[in-house]
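S.K.: Let me begin by handing over the structure; questions about it come next.
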Amino acid sequence: MGAHGGPTRIHRPYRRSFLRSPEAAEGATIPVERIRRLVLVAGGDDRVWSSAEHADWIRARRAAHGLETTLITDPEAGHRTILPGEPVVAAGVRMQRGGTEAADRRLGAAAWGAIETLLA
12 MGAHGGPTRI
22 HRPYRRSFLR
32 SPEAAEGATI
42 PVERIRRLVL
52 VAGGDDRVWS
62 SAEHADWIRA
72 RRAAHGLETT
82 LITDPEAGHR
92 TILPGEPVVA
102 AGVRMQRGGT
112 EAADRRLGAA
122 AWGAIETLLA
């Protein structure tokens, strides 16, 4: 629960810690340049962390190494991408994830073909 009894807000503290300690963030960076094929899925209204912004950074880093990246985003989707046929699970930690169920499902549907292609 958040400070006011509602769902916990994670985005702002995450962002502050990221900006406060860029060295730690750099040390935790995944070497995405070593991944041959990559699909990134990000909601533009993600309220857990800045997934769309980070996905753009990853794509730019990979492009600098001549690597293509499939990036699927939806500006109205939140943190929880819902893939086709997947139920929405409400259990667990209550937090603000952003988006709407409809937008999260739309993002999942848009991403599903790229995920299947990657795994084929």
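My numbering numbers the first residue of the sequence shown as 12 and each following residue consecutively. All C-beta atoms, glycine included, are put in the ideal place defined by N, C-alpha and C.
List the endpoints of the continuous beta strand (DSSP E) containing LEU82.
M.R.: Position 71 of the sequence shown, counted from the first residue, corresponds to residue 82. Counting along the chain, the beta strand (DSSP E) containing LEU82 begins and ends at 81 to 85.
S.K.: Are THR84 and GLY119 closer than 9 Å when you measure CB to CB?
M.R.: Stepping through the sequence shown from its first residue, residue 84 is reached at position 73. Stepping through the sequence shown from its first residue, residue 119 is reached at position 108. The answer is no: Cβ separation not under 9 Å.
S.K.: Measure the Cβ-Cβ separation of VAL59 and ARG117 and say whether it is below 9 Å.
M.R.: The count along the sequence shown starts at 1 and reaches residue 59 at position 48. The count along the sequence shown starts at 1 and reaches residue 117 at position 106. Contact flag unset, no.
S.K.: Contact defined as beta carbons within less than 8 Å: I believe ASP115 pairs with ALA88. What is the distance between those atoms, to the nearest angstrom?
M.R.: Along the sequence shown, one-based indexing puts residue 115 at 104. Along the sequence shown, one-based indexing puts residue 88 at 77. Their Cβ separation, rounded to whole angstroms, is 5 Å, which keeps ASP115 and ALA88 in contact under 8 Å.
S.K.: Could you check how far apart the C-beta atoms of GLU44 and ARG70 are, in whole angstroms? I think they sit under 8 Å.
M.R.: Within the sequence shown, residue 44 is the residue found at index 33, counting from 1. Within the sequence shown, residue 70 is the residue found at index 59, counting from 1. 12 Å between Cβ atoms; not a contact.
S.K.: Assign ALA74 to one of three DSSP states: helix, strand, or coil.
M.R.: For the purposes of this step, residue 74 is taken as residue 63 along the sequence shown, with counting starting at 1. Reduced to three states, the DSSP call for ALA74 is helix.
S.K.: Might you give, ordered along the chain, the residues of its own chain that have their beta carbon closer than 8 Å to the beta carbon of GLU112, omitting 5 neighbours on each side?
M.R.: Taking the first residue of the sequence shown as 1, we reach residue 112 at position 101. Answer for GLU112: ILE93 and VAL99, listed in chain order.
S.K.: HIS76: buried (16+ other C-beta within 10 angstroms of its C-beta) or exposed?
M.R.: Looking up residue 76 in the sequence shown gives position 65. Counting Cβ neighbours within 10 Å, HIS76 comes out exposed, since fewer than 16 surround it.
S.K.: Could you pull the DSSP bridge partners for VAL50 from this structure?
M.R.: On the sequence shown, position 39 is the one that residue 50 refers to. DSSP lists THR81 as partners of VAL50.
S.K.: Got a sec? Which residues, its chain only, sit under 6 Å from ALA63 by beta carbon, not counting five neighbours each side?
M.R.: The count along the sequence shown starts at 1 and reaches residue 63 at position 52. Around ALA63: ALA53, GLY55 and THR84.
S.K.: Leaving aside the five residues before and after ARG48 along the sequence, list all residues of the same chain whose C-beta is less than 7 Å from its C-beta, in chain order.
M.R.: For the purposes of this step, residue 48 is taken as residue 37 along the sequence shown, with counting starting at 1. Counting only Cβ-Cβ distances below 7 Å, and skipping sequence neighbours, we find LEU129.
S.K.: Run through DSSP, which three-state label would LEU30 get?
M.R.: Counting from 1 along the sequence shown, the entry for residue 30 is found at position 19. Looking at LEU30 - three-state DSSP - the assignment turns out to be helix.
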